[in-house]
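Residue numbers (this note's numbering), protein chains in the order written: chain A, 5 to 400; chain B, 2 to 63. Here is the structure we will look at.
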Amino acid sequence: MEYDVVVVGSGPAGSVTARFAAESGAKVLIVERRAEVGVPVLCGEGVSQRIDKWNMLEGKRWIANKVDGARIFSPNGTMVKISAEMAGNETGYVIYRDIFDQDLARSAVKAGAKLMLKTEAKALLKEKGKIAGVKVKQLDDEFEIKADVVVGADGVESKVGKWAGINTTLKPYDLESCAQYTLTNVDCNENCCDFYLGNKIAPGGYVWVFPKGKDSANVGIGVLASLSEKGLALKLLDKFIAGHPELKKGEPVRLIAGAAPVAEPVETVKDNLVLVGDAARHVDPITGGGLTTSLEGGKIAGETIGMAVKEQKFNKETLSPYEADWKKAFGKKLHRNYVVKEIMLDFDDKTLNMLADSVKDYNFEEFHTITLIKALVFKHPTLLKKLAPLIKAAAV
Amino acid sequence: MGKPKAIVDETKCLACGGCISVCPQDALSMRGGKAYVTSNKCISCAICIKTCPIGAIDEEEN
Chain A
5 MEYDVVVVGS GPAGSVTARF AAESGAKVLI VERRAEVGVP VLCGEGVSQR IDKWNMLEGK
65 RWIANKVDGA RIFSPNGTMV KISAEMAGNE TGYVIYRDIF DQDLARSAVK AGAKLMLKTE
125 AKALLKEKGK IAGVKVKQLD DEFEIKADVV VGADGVESKV GKWAGINTTL KPYDLESCAQ
185 YTLTNVDCNE NCCDFYLGNK IAPGGYVWVF PKGKDSANVG IGVLASLSEK GLALKLLDKF
245 IAGHPELKKG EPVRLIAGAA PVAEPVETVK DNLVLVGDAA RHVDPITGGG LTTSLEGGKI
305 AGETIGMAVK EQKFNKETLS PYEADWKKAF GKKLHRNYVV KEIMLDFDDK TLNMLADSVK
365 DYNFEEFHTI TLIKALVFKH PTLLKKLAPL IKAAAV
Chain B
2 MGKPKAIVDE TKCLACGGCI SVCPQDALSM RGGKAYVTSN KCISCAICIK TCPIGAIDEE
62 EN
């Protein structure tokens with residue numbers, strides 16, 4: 005079995021990479037170990053409306069709900085409201101990730117990519133020391149798939165990268181341990197995505213309420229793994245829901261666990277190999293959201309691979325425009341947000357409350373860093389010291 | 002007798018892959034849609050046990 009490109013994983017990054025490589029004329033195969041693309045869903049299902057700009061999705065079936073903005077609640081309940089323009093990062097739509105993923109896979113297939121389900125990559129195929137494809141297991145059969153380029157789109161586990169000698173092991177302080185219920189028959193504000201901060205609520209992370217409609221919502225939690233203990237995410241999520249009557253009245257129709265990398269990106273290109281999406285750690289370290297970066301990065305990867313196939317050169321040098329271009333597109337932002345994540349981890353509940361109190365009346369539609377800082381420091385002068393590293397990071 | 006190794010309760014595991022991503026020994030992988038510990042690679046560091054959001058990983062009973 006021979007292809008130009010084999011993509012391991014049919015998530016958004018894998019499908020988009022496959023699509024753009026296939027559109028450039030490459031012969032592409034996606035292997036997926038699960039029995040259905042996008043299932044089970046492992047996601048909070050919130051995404052920025054920026055996603056519309058790229059025209060990668062057909063129709064609207066993947067949209068569950070459209071939101072106008074976000075509300076952030078500090079540990080003592082102080083609410084800060086942020087309009088969609090400002091919260092642009094990871095709010096906008098609440099989606100059905102299974103339909104979303106299948107839409108993207110369909111686009112890849114339409115472009116000519118082949119897709120194999122229940123097909124698990126077990127190892128890299130090597131020829132004369134070079135990566136030459138993958139060894140897979142499909143139901144009872146084990147066989148080799150030859151390919152000039154292997155794409156690791158295998159999510160947070162990122163085994164393909166590991167096999168290629170890239171250190172993809174995450175430190176516990178670079179992983180959010182997550183749990184989420186989809187609750188039905190709840191009362192929620194269907195126009196807003198809500199975020200709850202606090203070291204007792206979700207140490208090193210946050211609780212989210214993403215409305216899928218007026219009586220249904222994804223209610224989830226992320227806890228930094230370095231601050232976690234066995235089963236803590238689910239325990240704290242249950243505690244949060246028990247303390248919120250508007251959510252407690254509902255019943256869950258789905259429970260999922262999750263793991264979101266909140267790390268610096270890894271090396272993404274080797275001879276005959278690239279990493280995309282969560283496997284490349286293309287995730288915003290503050291929010292844990294990775295859909296926009298996966299789509300943007302996947303497109304760049306697919307186009308770069310397409311060029312490599314045309315030139316019939318697959319060394320690191322030929323593939324490295326992918327790394328240069330994703331760094332240009334979102335590398336700076338990911339790095340800056342990683343620095344901010346580290347600073348915010350030092351904020352105790354008192355600091356978070358002061359911050360919220362200072363900005364709660366701030367009009368986030370007219371956002372200027374300097375006026376915001378003035379507003380903060382005017383009300384709570386002691387914040388200045390806490391925020392100094394943040395201001396420095398924002399200036400980068 | 003060494004320290005107890007990690008073991009996944011397959012009836013609880015929801016296959017998020019978090020444990021696999023943090024294992025410093027590459028001792029965890031997905032098998033049949035559930036996380037699985039390769040016991041002879043496990044160094045009993047318990048990082049996976051702490052990481053699991055739903056408490057599906059335990060110390061093996063000797």
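Ideal placement from N, C-alpha and C gives every residue a C-beta, glycine not left out.
Helix, strand or coil at residue i [DSSP, three-state]
i                      : result
residue 307 of chain A : helix
residue 214 of chain A : strand
residue 32 of chain B  : strand
residue 80 of chain A  : coil
residue 440 of chain A : Limits of chain A in this structure are 5 at one end and 400 at the other, which puts residue 440 of chain A out of reach.
residue 291 of chain A : coil
residue 174 of chain A : coil
residue 112 of chain A : helix
residue 272 of chain A : coil
residue 189 of chain A : coil
residue 358 of chain A : helix
residue 389 of chain A : helix
residue 282 of chain A : helix
residue 232 of chain A : coil
residue 144 of chain A : coil
residue 8 of chain A   : strand
residue 7 of chain B   : strand
residue 249 of chain A : helix
residue 14 of chain A  : coil
residue 96 of chain A  : strand
residue 37 of chain B  : strand
residue 301 of chain A : helix
residue 43 of chain A  : coil
residue 19 of chain B  : helix
residue 383 of chain A : helix
residue 179 of chain A : strand
residue 30 of chain A  : coil
Rounded separation between residue i and residue j - CA only
i                      : j                      : result
residue 392 of chain A : residue 345 of chain A : 14 angstroms
residue 299 of chain A : residue 275 of chain A : 23 angstroms
residue 41 of chain B  : residue 52 of chain B  : 20 angstroms
residue 220 of chain A : residue 101 of chain A : 15 angstroms
residue 242 of chain A : residue 251 of chain A : 10 angstroms
residue 380 of chain A : residue 143 of chain A : 59 angstroms
residue 210 of chain A : residue 76 of chain A  : 10 angstroms
residue 155 of chain A : residue 145 of chain A : 22 angstroms
residue 225 of chain A : residue 355 of chain A : 21 angstroms
residue 416 of chain A : residue 134 of chain A : Here chain A has residues from 5 to 400 only, and residue 416 of chain A is not among them.
residue 165 of chain A : residue 118 of chain A : 22 angstroms
residue 56 of chain B  : residue 4 of chain B   : 19 angstroms
residue 59 of chain B  : residue 7 of chain B   : 6 angstroms
residue 9 of chain A   : residue 205 of chain A : 45 angstroms
residue 315 of chain A : residue 54 of chain B  : 46 angstroms
residue 46 of chain B  : residue 310 of chain A : 43 angstroms
residue 3 of chain A   : residue 313 of chain A : A query on residue 3 of chain A cannot be resolved here, the shown segment of chain A reaching from 5 to 400 and no further.
residue 342 of chain A : residue 292 of chain A : 11 angstroms
residue 9 of chain B   : residue 179 of chain A : 19 angstroms
residue 328 of chain A : residue 289 of chain A : 20 angstroms
residue 240 of chain A : residue 347 of chain A : 23 angstroms
residue 233 of chain A : residue 14 of chain A  : 31 angstroms
Interface partners of residue i on chain B, CB under 7 angstroms
i                      : result
residue 260 of chain A : 15
residue 320 of chain A : Going along chain B, no residue has its Cβ under 7 angstroms from residue 320 of chain A, so there is no contact; the nearest lies around 23 angstroms.
residue 160 of chain A : 18, 19 and 22
residue 232 of chain A : 51 and 52
residue 46 of chain A  : 17
According to DSSP, residues forming a beta bridge with residue i
i                      : result
residue 55 of chain A  : Paired residues: none, contrary to the question.
residue 349 of chain A : Paired residue(s): none; residue 349 of chain A is not in a bridge.
residue 196 of chain A : A/73
residue 184 of chain A : A/224 and A/260
residue 60 of chain B  : B/7
residue 124 of chain A : A/141
Interface residues of chain B facing residue i [CB-CB closer than 9 angstroms]
i                      : result
residue 324 of chain A : Within chain B, no residue comes near residue 324 of chain A; the closest Cβ sits about 25 angstroms away, beyond 9 angstroms.
residue 16 of chain A  : Per Cβ cutoff of 9 angstroms: no residues; residue 16 of chain A is ~16 angstroms from chain B at best.
residue 263 of chain A : 17, 18, 19, 20, 21, 22, 23, 52 and 54
Any non-hydrogen atom of the ligand FMN closer than 8 angstroms to residue i Cβ
i                      : result
residue 391 of chain A : Of the ligands one can find in the structure shown there are none, so the ligand FMN has no counterpart to examine.
Chain B residues whose Cβ lies nearer than 8 angstroms to that of residue i
i                      : result
residue 2 of chain A   : Past the boundaries of the shown model lies residue 2 of chain A; chain A is included only from 5 to 400, so the question cannot be answered.
residue 238 of chain A : 54, 55 and 56
residue 181 of chain A : 19, 52, 53 and 54
residue 220 of chain A : Here the premise fails: no neighbours, minimum Cβ distance about 20 angstroms.
residue 123 of chain A : Ordered by position in chain B, no residue passes the 8 angstroms Cβ test against residue 123 of chain A, which lies about 13 angstroms from the chain.
residue 173 of chain A : 22, 23, 24, 25 and 27
Cross-chain neighbours of residue i in chain A, by beta carbon under 7 angstroms
i                     : result
residue 27 of chain B : 166
Beta-carbon neighbours of residue i, restricted to chain A and to distances below 8 angstroms
i                     : result
residue 48 of chain B : 176 and 229
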